Each structure stands twice: as structure tokens, then as C-alpha cells.
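For the sequence shown, the working numbering assigns the number 36 to the initial residue and increments by one for each residue that follows.
In what follows, a structure is listed as C-alpha cells, so that the remarks can point back to it.
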Amino acid sequence: MKIGILTSGGDCPGLNAVIRGSVLKGIKAYDHTFVGFRDGWRGVVAGDAIQLPRETVRGISKQGGTILGTSRTNPFDGPCGGADNIRATLNTLGVDALIAIGGEGTLTAAKRLSQEGLKIVGIPKTVDNDLAATDYTFGFDTAVEIATEAIDRLRTTGESHHRCMVAEVMGRHAGWIALHAGMASGAHAILIPEQRVDADQIAAWVQQAQDRGRAPLVVVAEGFIEHGHTAAHSERGLDTFGRPRLGGIADKIALEIESRTGIETRTTVLGHIQRGGVPSAFDRVLATRLGMAAVEAIAHGQWGTMVSLKGTAIESVHFDEALGRLKTVPQERWDEAKFLFG
Ligand code: F6P
Numbered sequence: 036m037k038i039g040i041l042t043s044g045g046d047c048p049g050l051n052a053v054i055r056g057s058v059l060k061g062i063k064a065y066d067h068t069f070v071g072f073r074d075g076w077r078g079v080v081a082g083d084a085i086q087l088p089r090e091t092v093r094g095i096s097k098q099g100g101t102i103l104g105t106s107r108t109n110p111f112d113g114p115c116g117g118a119d120n121i122r123a124t125l126n127t128l129g130v131d132a133l134i135a136i137g138g139e140g141t142l143t144a145a146k147r148l149s150q151e152g153l154k155i156v157g158i159p160k161t162v163d164n165d166l167a168a169t170d171y172t173f174g175f176d177t178a179v180e181i182a183t184e185a186i187d188r189l190r191t192t193g194e195s196h197h198r199c200m201v202a203e204v205m206g207r208h209a210g211w212i213a214l215h216a217g218m219a220s221g222a223h224a225i226l227i228p229e230q231r232v233d234a235d236q237i238a239a240w241v242q243q244a245q246d247r248g249r250a251p252l253v254v255v256a257e258g259f260i261e262h263g264h265t266a267a268h269s270e271r272g273l274d275t276f277g278r279p280r281l282g283g284i285a286d287k288i289a290l291e292i293e294s295r296t297g298i299e300t301r302t303t304v305l306g307h308i309q310r311g312g313v314p315s316a317f318d319r320v321l322a323t324r325l326g327m328a329a330v331e332a333i334a335h336g337q338w339g340t341m342v343s344l345k346g347t348a349i350e351s352v353h354f355d356e357a358l359g360r361l362k363t364v365p366q367e368r369w370d371e372a373k374f375l376f377g
């Protein structure tokens, strides 16, 4: 069988480990051959593929990014997009099945293509950890590690200047990165999209920390929704899937803090730093296992499914179960964390 692999949507650490896991398992267990589509769905739509013999995946698990490149291309857009055109392109290349590695946007497109008869197995990836039907996505552990290290650094400069430091982390509409990095770094307030907190409460937590002689530390998720607002702060338009680009809420929070407490406040938006560099060992292992499991799913003809982590086991779940709802931070995780604030 000839299998095409694509990495699509925002990159994250661990993508190369998946590619390696799939290629090694496929070659060794089934004598498959592999091609890699360049830049996600763009490469599939354009028929832009490279051969992936074993040598091309040698030693790549520890490399950040993706050797195949990625994009936020929607495979249904453009004159060569859509299921019929893609089927014809795959036939021309002799590709029998696809492994689509991506987050919500990528896998939703994969689901639609698979409903139209294409043979696809999905692999979940995203630093946001917001995909339902998998306990963790690879990339998340690394992002939390990077964010925690950065926030620890903000803490020391904040302490020197007796300032309040506000760190903004990614996560889109889920507060996982903020919750984990905030808890790990001992933040005095963690603000996540799932919970509304008014500015007076945020200021009170900051003030309490300062009153104890601490330099207040606030971690805010980019998708946090300010009290009295109905949507997350977005000032950079929509992405190709029509979703608002987030970012910049930290500055608004800092102004509210300063005006209420008078404490000098600085903001840092960690941004794409959280997606760069080498994957953690946890992410490498998870990604490798998912990559191998996708080849098994193909061997069993489990089209229209996504491999996922359940506890410590890797299972296959149907796209219907995995998509359409986000895995957000549950109430009990917030209630648990709140005891640490202030
Ligand atoms: O979904 C991953 C993610 O990093 C989000 O946390 C963030 O909102 C978005 O992608 C940023 O997208 P881009 O890389 O297109 O700026």
C-alpha cells in the first residue's frame, strides 16, 4: 500500500516523531511505501508530495516543527480542492490512503473528505489539548513546559521590580495551557476561557499577593473572555477556517489591574515560542505511538477514525466522536485551582 502523510494546521512539537513512527511501522510490519505531502492540505490539493523512504525519518523524533511543512489551507477551497479533485490527484500519485495529522480544523476537513469516500485516518495534534476523545494531544506537554519556564523567568524580574507580571499563553478556546503552566509556576491568578472573572476579582487576587510581599503573577489564556463580553479578544481577523485569531488580552487585563491597584504591571505574550523547539520525551513517545497506531488502523480499514490516547492505551475513535465539541477545562479543575489564587 502507498500511504500519504500530511501535517496540517498550526505546527507543534512531536509532528516529526509521528511521521517517523508511521513510516517505520508501515515499512517493517506491512511493507508499505510512504509519501509526504508538503504543507498540509495545500500539498494534497496540489499533488505536491515527496518520497518518504526510511532514511528520510532517521533521527527526526527530537526535531521540532515538521519536515513536511504545514499550512492552514482548507482542502475544499480553490479550483483543485474538494473530494473529487483530491481523489483524482491521489489516484494519479498512486496513493491509497491518507494519514492526516492535525487539530480540530484539519480533522474536520478530513472527516468531510472521508464522508465523501476518501480513505483517511486522523492523528490528533495541538498544543491546545482541546480535542475531545483523546486524553492528551502531543505538543501540549512541551508547550506547558516552555510556558512554565518562561513564566518562572517573568517571576524573577517581577520580584526584582515589585511589579505585577501578566503572561498570556495560547490555547484558543480552551484554558489547558494556562491552567497547567499557571499551576506549575505558582500563579496568583489564572484566567481561562471557560470561567468568567471580573476585573475587581482579578485586582483583589493581585493585591492580596502584593500585600504578602509577593510580586503578583497572572497567567491569562488568549481565549479568556472579559466580564461583560461575549467573545474572546480578537483584533487580527479570521483564519482560513473562519475562526477568530486570538491574542492581546494580556494588555487589557494589565490596564485593569494597574487602574484598580496602582501596581506597576507588565505583560508578556508568549505566542509561538510555545510551539517551537524540541518536543518533550512525553510528547515524543505519545506521537510515536499514535503514528504507529494509525498504520494499524489503516491495516484494519478503520477509515474515518482518529487514533487517540485513553489512559495509557491508544484506541481508535470515529471522527464523529472526536469532533464538533471541544475538550475544555471542566469546572472541578477550576474549583481545585482557585484555592491557589490570591
Ligand atoms: O491551535 C494552535 C494555536 O497555536 C492556538 O493556540 C493559537 O490561537 C493559534 O494556533 C495561532 O495560530 P497561527 O499559528 O496561525 O498564528
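Don't be surprised by glycine CBs; every beta carbon is placed ideally from N, CA and C.
Note that the structure is predicted; figures quoted are calculated from it, not measured.
Using a Cβ-Cβ cut-off of 8 Å (strictly less than) and excluding sequence neighbours within five positions of A212, which residues of its own chain qualify?
-> According to the sequence displayed, residue 212 carries Ile and not Ala. Around I212: V162, D163, N164, F175, A178, V179, A182, V204, M205, G206, A256 and Q309.
Compute the Euclidean distance between the alpha carbons of D187 and A84, then round it to the nearest angstrom.
-> 42 Å
Element boundaries [beta strand (DSSP E), containing V255] | L252 to A256
Examine the ligand F6P and report whether any of its heavy atoms sits within less than 8 Å of the Cβ of D163.
-> yes
How far does the alpha helix (DSSP H) with M327 in it reach, from first residue to last?
-> A316 to A334
Considering only the beta carbon of each residue, do G250 and G306 sit closer than 9 Å?
-> The sequence given here places Ala at residue 250; Gly does not occur at that position. No, Cβ-Cβ distance for A250 and G306 is not below 9 Å.
Check: L358 C-beta below 8 Å from any heavy atom of the ligand F6P = no
What residues are listed by DSSP as bridge partners for H353?
-> T340
Nearest CA to the CA of T275: which residue from C47, P110, S195 and L59?
-> P110
Compare the C-beta of E350 with all C-beta atoms of chain B and state if any pair is closer than 9 Å.
-> Reference to chain B is not applicable here, since this structure consists of a single protein chain.
Contact test: L50 Cβ vs the ligand F6P heavy atom, cutoff 8 Å | no
Name the one or two DSSP bridge partners that K160 has.
-> F173
Which residue comes first and which comes last in the alpha helix (DSSP H) that contains M218?
-> W211 to A219
Would you report the Cα separation of G39 and R271, rounded to the nearest angstrom?
-> 33 Å
Just grab the DSSP bridge partners of G39 for me.
-> V70 and L133
Name the DSSP bridge partner or partners of C199?
-> T300
Best match in G117, V241, W369 and T91 for proximity to R231 [C-alpha to C-alpha] | W369
Check whether the Cβ atoms of R107 and G82 lie closer than 9 Å to each other.
-> no
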